[in-house]
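Written below as structure tokens is the structure these notes are about.
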Amino acid sequence: MPGRKKSKIELLLEALADGEWHWGQELAAKVGWRFGDPVMRAKRKGYLIDVDRVGLQHRYRLLK
């Protein structure tokens, strides 16, 4: 019997769990193309997610 489907916030936190920088393209592949909302909701729940703009791209990391 399969388990429940993971939420987008859970997928996001799994991708960022190592504390390293992750580019938006990578998160789009792991979380879904509309990952901005899960980032915002995770921040509201108290997770510290750092966002950095490099040129025209953004990268994200989870601060511990």
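Its first residue numbered 468, the sequence shown is counted upward by one per residue in the working numbering. No residue lacks a Cβ here, since even glycine has one placed at the ideal position from N, Cα and C. For clarity, every value in this text was computed on a predicted model and none was experimentally measured.
**OP:** Have a look at the DSSP bridge pairing and note the partners of TRP500.
**Re:** Translated into positions along the sequence shown, residue 500 becomes position 33. Paired residue(s): none; TRP500 is not in a bridge.
Original post:
Going by DSSP, what residues sit across from GLN524 in a beta bridge?
Top reply: Within the sequence shown, the letter at position 57 stands for residue 524. For GLN524, which the question treats as bridged, DSSP gives the partners VAL521.
**OP:** On the DSSP bridge assignment, give the partners of ILE516 in chain order.
**Re:** Along the sequence shown, one-based indexing puts residue 516 at 49. In DSSP, ILE516 forms a bridge with LEU529.
Original post:
From GLY513, PRO469, LEU478 and ARG520, pick the residue whose C-alpha is nearest to that of ALA496; which is it?
Top reply: For the purposes of this step, residue 496 is taken as residue 29 along the sequence shown, with counting starting at 1. Considering only alpha carbons, the answer is LEU478.
Original post:
If you check the beta carbons only, do LEU483 and LEU515 fall under 7 Å apart?
Top reply: To locate residue 483, count along the sequence shown from 1; it is residue 16. To locate residue 515, count along the sequence shown from 1; it is residue 48. No, they are not a contact pair.
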